[in-house]
Every structure is written in structure tokens, then in C-alpha cells.
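Numbering (the working numbering), first residue to last: 10 to 170.
Every residue gets a Cβ at the ideal spot worked out from N, C-alpha and C, and that includes glycine.
It should be emphasised that the depicted structure is a prediction, and the values quoted were computed from it without experimental measurement.
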Amino acid sequence: MRLADTLIRVIDMFYVRPLTRLVSRRMFRYAVCGGANMVLDLMWYYVIYHFVVAERYIDLGVVVVSPHVAALAVVFPITFLTGFWLNRNVAFCVTDARASRQMLRYTISVAGSLLLNYVCIKLFVEVCGVWPTPAKALTTAVCVAYSYLAGRYFTFTSDKS
């Protein structure tokens, strides 16, 4: 049995009333996968921000990168790949679409999400004065609706539709 099939079965065990009346199975799977990827993202962000970047500004010669943005840049590729795999194989399960086409669409939608992440984290940390890790959590919350809509109606649609 594939890992994705096992994850689907485990997730579907928790898809019970009253959830069945509130959200579709697809939306529930997306929420679980997104939640798992968000927790992974926050854990990596915390570790990278505090222990790798060590809360220091990074001077690249041309530009100085703030520690919260540097941590975001390091964490992004990790959660990009895990998010794509979870969405393709567990949440949306569109089998007749080419993976390369989905990856391109996913890259486009994530570019929008990354821009939204950047704007929000800069706003929360530098304008609103929120600490970096809670600011990252707030930023992630803002991006959830955008990401679901992009995945549902753009990235993981059938090639036949």
C-alpha cells in the first residue's frame, strides 16, 4: 500500500458527523494536509530562525536580509515540496493530470502565496511589531484561503476540464 493511500485512510477515519455536513471530503483532506504542512512549516521556521539564522541580520553585500525573512527563505523549499506531495497525492488526488503540469501550476500559485507571505510577515513584524514566530503563524492563516482556492480551481484540476 502506498503512503498516500495510508494517509487518506487515516484522515478519512476522522471525517465523521458533524464534519460531513459542514465540509466536503476534499476540503477536509485539504485542511488536514494543510494543517500538517503548516505545523511542519512553523516547527522548521522556529528552528531555523532561532538556531540557524540565530536571530541575526544577514549581510549579502548587496542587501541585508532580516532574520525573519532569511528564515522564511530557508524554510520555503522544504514546505513547498511537502505541500505539493500532500496536495497532489492526498488532498486533491487528480490522477489524470500530468505531474509536470501540476508542478508548474503549483509553482505559480505558490509564487502568489510567497508574495503574500512576504508582504504579511513584513507588515506584522516591522509595522505592527508582532514577534516573528507569531507573525509567521498569522501570515500562514491569511494565506490559507488563497491557497485552497488556487489548489482547488487552478493547480489540481483535471487536464480534461
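Have a look at the DSSP bridge pairing and note the partners of residue i.
i, result
"ILE20", "Answer is none; ILE20 lacks a bridge partner."
"VAL74", "ILE67"
Would you kindly work out how many angstroms separate the C-alpha atoms of residue i and residue j, rounded to a whole number?
i, j, result
"ALA63", "PRO76", "8 Å"
"LEU28", "MET22", "12 Å"
"LEU125", "GLU135", "15 Å"
"MET36", "ASN98", "14 Å"
"SER33", "TRP140", "35 Å"
"VAL72", "ALA120", "21 Å"
"ARG38", "ILE20", "7 Å"
"ALA13", "GLY160", "18 Å"
"ALA45", "LEU95", "9 Å"
"SER122", "ALA150", "11 Å"
"SER118", "SER156", "7 Å"
"PHE89", "TYR66", "24 Å"
"ASP68", "PHE163", "38 Å"
"ALA154", "GLY43", "11 Å"
"LEU51", "VAL41", "15 Å"
Give the single residue among the options whose Cα lies nearest to the Cα of residue i.
i, options, result
"MET47", "CYS152, TYR162, THR164 and THR166", "CYS152"
"ASP92", "LEU49, MET36, ARG35 and ALA146", "Inspection of the sequence shows that residue 92 is occupied by Gly rather than by Asp. GLY92 has its Cα closest to that of LEU49, out of LEU49, MET36, ARG35 and ALA146."
"CYS5", "ALA120, VAL119, THR142 and LEU147", "Residue numbering for the chain in the displayed model covers 10 to 170; residue 5 lies beyond these limits and cannot be assessed."
"ARG114", "LEU158, VAL74 and ALA144", "LEU158"
"ASP105", "PHE165, GLY44 and GLY43", "PHE165"
"PHE85", "ALA40, TYR127 and VAL74", "TYR127"
"ILE87", "ALA100, TRP53 and VAL25", "TRP53"
"VAL103", "VAL74, LYS145, SER167 and VAL25", "SER167"
On the three-state DSSP scale, how would you describe residue i?
i, result
"SER167", "coil"
"ALA106", "coil"
"PRO27", "coil"
"CYS137", "coil"
"VAL61", "helix"
"PHE85", "helix"
"PHE93", "helix"
"ARG38", "helix"
"ARG11", "coil"
"VAL48", "helix"
"VAL99", "helix"
Note to self: For the segment 76 to 92 against the segment 51 to 62, do three or more pairs of beta-carbon atoms, one drawn from each stretch, fall closer than 8 Å, so that the two count as touching?
What the structure shows: Verdict: yes, contact present.
Notebook entry, point to check: Does the pairing of the segment 109 to 117 with the segment 129 to 149 give three or more beta-carbon distances under 8 Å?
Noted result: The segment 109 to 117 and the segment 129 to 149 do not touch, with fewer than 3 CB-CB distances between them shorter than 8 Å.
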